[in-house]
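For reference, the structure is listed below as structure tokens.
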Amino acid sequence: MNQELIDQIKRIVERVLQEQTQTSTQITHEKRLLAIVGATQLELEEPIQQLHTCRQNGWKITIILSDLATKVTNLEPIHTAFGEENVLQENALRNITTFLETYQQIVLPVFSYPMAAKLALRLVDTPCTYLVFEALSKGKKVIAASDALHQGEVSVKTGPSFSQLENDYVNVLSEFGVQLVPMTQIAESVIEKVKGSRALVEETLISATTISNLDVDVRELVYANPAIITPLAREQAKKRGIELIPKN
């Protein structure tokens, strides 16, 4: 193989790797929100409005419907608000790990008692519960609307023992890292994550890899002073809107 052909192959490989890196960076750093909708008897107007507010603030939203939701919930308002191409059915999911890698946050806008019980008991037997449980294990932010847990949605809620069981589930979920909020605060809880989050780095060399490894919500990077910051690191930080601040 002559040198000219070798150089040509190298250029092709470098171009492909560069394109893959740019695509990966774009997917990682876009504000992507995964909303999982379970079966509910509650009205969907408020959850839809909350997700719409997130979208107005730059979040790209994909909705997954649980298998039970497709059978008992009126889905027309969701399809109308977000478009059928952005609404997926649980039983049609294939590469679930892709969702875990792509989305920074998961929202359960109508967090029902059955799903709360499954997660608390670690009954990860559906794609939806698996996504939530794995997201929690990876330290991702999971927000759940608590309204359905306090409005008697399940008719079997009749005695004090059941109420205690529900409280136990809620406590377990909180320990897992689920952020339980009123339905009216979903958008506020999602959006607050990207406001001025700060990271501290003690390394004396700040490279492009350092920047790319930061969480998507980081807006300020405090670094050891003095430190060497590579030109590519500064470029990456500028693209992501990250301010580089020397530690006093």
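Everything in the sequence shown is counted per the numbering used here, starting at 100 for the first residue and increasing by one. We put the CB at the ideal spot given by N, CA and C, even for glycine.
Distance from the Cα of Gln149 is smallest, within the candidate group Leu313, Lys338 and Ala286, for Ala286. A residue is called buried once 16 or more other Cβ atoms fall within 10 Å of its Cβ, and Pro281, having fewer, is exposed. According to the DSSP assignment, Gln148 belongs to the alpha helix (DSSP H) that extends over Glu144 to Gln155. For Ala298, the secondary structure class from DSSP, reduced to helix, strand or coil, is strand.
Beta bridge pairing from DSSP links Glu319 with Arg297 and Glu342. Around the beta-carbon of Val136, 16 or more other beta-carbon atoms lie within 10 Å, marking it buried. In chain order, Val186 place their CB closer than 8 Å to the CB of His178, counting only its own chain and leaving out the 5 sequence neighbours on each side. Look at the beta carbons and you see the segment 317-332 not touching the segment 184-200: under three pairs across the two are nearer than 8 Å. Going by C-alpha positions, Thr152 is about 12 Å away from Ala180. Judged by DSSP secondary structure, Ala243 falls outside any alpha helix (DSSP H) and instead within the beta strand (DSSP E) spanning Lys240 to Ala244. Counting along the chain, the unbroken beta strand (DSSP E) around Thr161 starts and ends at Lys159 to Leu164.
Taking each of Gln204, Leu220 and Ser306 in turn and checking the Cα distance to Ala336, the smallest one comes out for Ser306. Exclusion of the five residues before and after Lys346 leaves Val321, Tyr322, Ala323 and Asn324 as the residues of its chain whose Cβ lies within less than 7 Å of its Cβ. For Leu141, no beta strand (DSSP E) run applies, since DSSP gives it neither H nor E.
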